[in-house]
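*Asks:* To start, I am sharing the structure in question, which I have written as structure tokens.
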Amino acid sequence: MPLAPARYDHCLVTGASAGIGWAFALELAARGARRLTVVARREERLVELAARLGAGRASPSPEVRPVVVDLAEPDGPGRLVEALRREGAPPVDLLVSNAGFGRYGAFILRPWDDHRRMYQLNMLTPAELVHALWDELTAVPGRGVIHVASTAAFQPIPYFASYAATKAFLRSLSDGLWGEARPAGARVLALCPGPVPTEFGQVAGTSFRVRKVSTGADRVVREALDAYERGRAEVIPGFTNRVMRCAVRLVPLRLVLWGATKVAGVQRPG
Ligand SMILES: NC(=O)c1ccc[n+]([C@@H]2O[C@H](COP(=O)([O-])OP(=O)(O)OC[C@H]3O[C@@H](n4cnc5c(N)ncnc54)[C@H](OP(=O)(O)O)[C@@H]3O)[C@@H](O)[C@H]2O)c1
């Protein structure tokens, strides 16, 4: 059965104060979003985004509702859902679970709290959000979810071990939910970008030189929304990233780990 056209009336984007989430907000406005709930910790950035959207080409410009919440804390997703209910927000048509971070370095040398917050933000928060909003997301055909995973979901990465594990979880959850959402005419997409020039590297504490193989955030988002509209389960933006994905499938794990250690190890992790 063909899918109903994707609905963008009310879009909720987590991690919209920078990078890929910021680009999602702009592109969703261009694709007709009437209301955007944008979420992050830095309020001033969300206000700046709202101003930018207000001055944008979308006509009429979307209503932008910033919600400031720390989604790396266990009560974060609950507080976000509570804010939606308190405002009497209309049902969410598209949830973009994008907020996330990585931390570069040897697993044992990173404080436990870094790992805990990463597990919460990259895994538990998107899982709780999709659980809390599932009924409205599947009530009307054309609604759905985009989970921002990573090409790190396809292989373990020494010195980035926790991060890669969280993205493997998110991708697997997303693919499973794709099957569960389909009978209701809802879409679920796992977006798996390779390197994207954003604040991610600075937050992760890595100085990888990825510019040559990186894909811009706006292109990543356009490819993601095109794939979402077609009802795909996964998308890997960028030809090189798709080739790498195939290579990882074909090469024995030991070799994959040896290569990944070589690349990641040159960072002299602390
Ligand atoms: N850039 C890459 O190379 C790359 C590649 C593959 C996948 N990804 C994934 O893409 C997603 C977006 O990353 P990005 O590259 O756009 O990174 P970014 O520029 O660092 O943006 C991260 C966003 O997440 C928000 N965020 C971080 N911690 C948060 C928290 N505790 N509570 C609420 N919001 C929080 C940040 O806002 P505040 O700091 O204002 O809270 C920001 O808006 C992440 O899930 C990342 O894993 C990135």
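Numbering (the numbering used here), first residue to last: 759 to 1028. From the three backbone atoms N, C-alpha and C, an ideal C-beta is built for every residue, glycine too. Just so it is clear, the structure is predicted and the values come from calculations on it, not from any experiment.
Please name the residue or residues paired with residue 852 in a DSSP beta bridge.
*Replies:* Residue 852 pairs with 769 and 902.
*Asks:* Work out the CA separation of residue 959 and residue 829 for me, nearest whole Å.
*Replies:* 20 angstroms
*Asks:* Hey, quick one: how far does the alpha helix (DSSP H) through residue 1089 stretch, first residue to last?
*Replies:* With the chain running from 759 to 1028 in the structure shown, residue 1089 is simply not present.
*Asks:* Tell me whether the beta-carbon of residue 770 lies closer than 8 angstroms to the beta-carbon of residue 854.
*Replies:* yes
*Asks:* Could you check whether residue 918 and residue 860 sit closer than 8 angstroms to each other, using their CB atoms as the reference points?
*Replies:* yes
*Asks:* Say yes only if the C-beta of residue 996 is nearer than 7 angstroms to one or more non-hydrogen atoms of ligand 1, and no if none qualify.
*Replies:* no
*Asks:* Assign residue 1027 to one of three DSSP states: helix, strand, or coil.
*Replies:* Its pLDDT being 45, under 50, residue 1027 is placed unreliably by the model, and the measurement read from it follows with that caveat. The answer is coil: DSSP assigns residue 1027 none of H, G, I, E or B.
*Asks:* State yes or no: is the C-beta of residue 778 nearer than 7 angstroms to some heavy atom of ligand 1?
*Replies:* yes
*Asks:* Given 7 angstroms as the limit, tell me if residue 871 has its C-beta closer than that to any heavy atom belonging to ligand 1.
*Replies:* no
*Asks:* Just verifying my parser: in three-state terms, what is the DSSP assignment at residue 946?
*Replies:* strand
*Asks:* Assuming contact is defined by CB atoms lying nearer than 8 angstroms, are residue 850 and residue 891 in contact in what I supplied?
*Replies:* yes
*Asks:* Whole angstroms is fine: what's the gap from residue 988's alpha carbon to residue 925's?
*Replies:* 23 angstroms
*Asks:* Cutting at 6 angstroms between CB atoms, please list the residues of its own chain near residue 779, excluding the five before and the five after it.
*Replies:* Listed in chain order, the non-local C-beta contacts of residue 779 below 6 angstroms within the same chain comprise 771, 773 and 856, local neighbours out to five positions each way being set aside.
*Asks:* Counting along the chain, where does the beta strand (DSSP E) carrying residue 826 start and finish?
*Replies:* 821-826
*Asks:* Per DSSP, what kind of secondary structure is residue 1009 in: helix, strand or coil?
*Replies:* coil
*Asks:* Quick check: is any heavy atom of ligand 3 less than 7 angstroms from the C-beta of residue 957?
*Replies:* Looking for ligand 3 in the displayed structure turns up nothing; the ligands present are ligand 1.
*Asks:* To the nearest angstrom, report how far apart residue 1028 and residue 922 are at their CA atoms.
*Replies:* With a pLDDT of 42 at residue 1028, under the threshold of 50, the predicted position of this residue should be treated as unreliable, though the coordinate-derived value follows. Between residue 1028 and residue 922, the C-alpha separation is close to 18 angstroms.
*Asks:* With C-beta atoms as the reference, is residue 1029 less than 8 angstroms away from residue 900?
*Replies:* No answer is possible for residue 1029: it lies beyond the span of the chain, which begins at 759 and ends at 1028.
*Asks:* Confirm the yes/no value for this check: CB of residue 770, any heavy atom of ligand 1, distance under 7 angstroms.
*Replies:* no
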